[in-house]
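Trainee: Take a look at the following structure, please.
There are 2 protein chains.
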Amino acid sequence: MHATFAALADPNRLRIIELLRSGPKPVNDLVAELDVTQPQVSKHLRVLRDAGLVDVEAKAQQRLYELRPDGLKKLHAWVEQYRALWDARLDAMDELVSELVREEKNRGRKKH
Amino acid sequence: MHATFAALADPNRLRIIELLRSGPKPVNDLVAELDVTQPQVSKHLRVLRDAGLVDVEAKAQQRLYELRPDGLKKLHAWVEQYRALWDARLDAMDELVSELVREEKNRGRKKH
DNA sequence: AAAGAATATTCGTGTCAAGGAATATTCGTG
DNA sequence: CACGAATATTCCTTGACACGAATATTCTTT
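Shown next as structure tokens:
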């Protein structure tokens, strides 16, 4: 998980993710919007790829980069754990989950 | 935003956040669970504090650290932007938001 | 006030990663 | 197959940061 955060910790990489929100883009499109050299962009894309946040598809000489749902979904799931902090309505639900976890942990033991 | 990610990019800091999920804790509690020296923990807490992710409350000589809802809520809001990626049901809602943004941008101009 | 507990800060060091420059790779076209 | 377009990789250097050790601060107790 911390690897995901590390990937997003760099301003340029974070920007890339945001740019890809409007759909897949070739590398040069990103270079044009980023005020960073092409090799840098390629390197950042490599990091994002290793982190499972983006995916590539070859299109002739171009490489189309796009967001990878899995990576962002995991991130979402992590943050969601803390929802009870700011969403008071979910306190009850949080309690329920905790209860289910306790039951799961006790499965197969003598004490209920 | 990237500052938030940078704060969470360190494994020890990420762990601290997760430990604080079960409620406020004094520094020494964290030291006990982290296999890191006390000064290191204090330093990491300082970073998390600057990032707006935790808050301190003095309790005698102790300092009780607790999660700060604001910080995590912002993080959640950011990730939520990408929900349409994995949640097909929200495509329609995404469209609606885009439309509202367009309207907002055009506010006060001649062209509708 | 002295002593101790709990926590914070400073300083020096080594490591890793971002940026720049140069070069390599891949693929379509003539 | 030579060439150009689009992208990737390598090498190098510099700056940021995590760690350890030592020290400073804050507060309580006696």
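Residue numbers (the numbering used here), protein chains in the order written: chain A, 19 to 130; chain B, 19 to 130. In this text, a Cβ means the ideal position worked out from N, Cα and C, and glycines have one as well.
1. Return helix, strand or coil for Gln99(A), following the three-state DSSP convention.
2. Looking only at its own chain, which residues have a Cβ that is under 7 Å from the Cβ of Leu38(B), when we skip the five neighbours before and after it?
3. Using beta carbons (cut-off 8 Å, strictly below), is Leu26(B) in contact with chain A?
4. Roughly how many whole angstroms lie between the Cα atoms of Ile34(B) and Met19(A)?
5. I want to verify the contact list: residues of chain B whose CB lies under 7 Å from the CB of Lys91(A), in sequence order.
6. Which chain B residues sit within Cβ distance under 8 Å of Val97(A)?
7. Quick check on Asn46(A) - is its C-beta less than 8 Å from some C-beta in chain B?
8. Could you check whether Val65(A) and Ala25(A) sit closer than 8 Å to each other, using their CB atoms as the reference points?
9. Within 8 Å of any Cβ in chain B, is that where the Cβ of Leu66(A) sits?
10. Tell me which residues share the same chain as Leu32(B) and place their Cβ nearer than 7 Å to its Cβ, disregarding the 5 neighbours each side in the sequence.
11. Just to confirm the assignment: which complete alpha helix (DSSP H) runs, minimum length 4, are found wholly within the stretch 50-94 of chain A?
12. Would you mind working out which of Lys91(B), Trp104(B), Ser60(B), Ala50(B) sits nearest Thr22(B), comparing C-alpha positions?
13. If we count the other Cβ atoms within 10 Å of its Cβ and call it buried at 16 or more, is Gly89(B) buried or exposed?
14. For my contact list, Pro44(A) and Arg81(A) are in at a C-beta cut-off of 8 Å; report their separation, rounded to the angstrom.
15. Interface residues of chain B around Pro87(A) at Cβ under 7 Å?
16. Just to confirm my understanding: we take Leu93(A), look at its own chain, exclude 5 residues before and 5 after, and list those with CB closer than 7 Å. What are they?
17. Would you list the residues sitting across from Pro44(A) in a DSSP beta bridge?
18. Does DSSP put Ala27(A) in a helix, in a strand, or in coil?
19. Rounding to the nearest angstrom, what Cα-Cα distance links Asp47(B) and Ala95(A) in this structure?
20. Asn30(A): which of Lys61(A), Ser40(A), Asp105(A), Ala69(A) sits nearest, CA to CA?
21. Taking C-alpha atoms, which residue in Val59(B), Glu51(B), Ala102(B), Val97(B) lies nearest to Arg101(A)?
Mentor: Straight from the coordinates:
1. In the structure shown, Gln99(A) falls within a coil segment according to DSSP collapsed to helix, strand and coil.
2. The residues are Val72, Tyr83, Glu84, Leu85.
3. Closer than 8 Å to some Cβ of chain A, the Cβ of Leu26(B) qualifies, so yes.
4. A direct Cα-to-Cα measurement between Ile34(B) and Met19(A) gives close to 13 Å.
5. Going along chain B in sequence order, the residues near Lys91(A) (Cβ under 7 Å) are Trp104.
6. Within chain B, the residues whose beta carbon sits less than 8 Å from that of Val97(A) are Leu90, Leu93, His94, Val97, listed in sequence order.
7. Output row for Asn46(A): interface = no.
8. Closer than 8 Å, so yes.
9. Leu66(A) has a beta carbon lying at 8 Å or more from every beta carbon in chain B.
10. Excluding its 5 nearest sequence neighbours in each direction, Leu32(B) has C-beta neighbours in its own chain below 7 Å: Leu26, listed in chain order.
11. Listed in chain order, the complete alpha helix (DSSP H) runs (minimum 4 residues) inside the stretch 50-94 of chain A are 56-68.
12. When each option's Cα is compared against that of Thr22(B), the closest is Lys91(B).
13. Burial of Gly89(B) is indicated by the presence of at least 16 other C-beta atoms within 10 angstroms of its C-beta.
14. The C-beta distance from Pro44(A) to Arg81(A) rounds to 6 Å, short enough to meet the 8 Å contact threshold.
15. Those within 7 Å of Pro87(A) in chain B are Leu103, Trp104.
16. These residues qualify, in order along the chain: Thr22.
17. According to DSSP, which records beta bridges pairwise, Pro44(A) is partnered with Leu82(A).
18. Of the three classes helix, strand and coil, the one that applies to Ala27(A) here is coil, per DSSP.
19. Approximately 26 Å, taken between the alpha carbons.
20. The shortest C-alpha separation from Asn30(A) is found at Lys61(A).
21. Distance check between Arg101(A) and each of Val59(B), Glu51(B), Ala102(B), Val97(B) places Val97(B) closest, using alpha-carbon atoms only.
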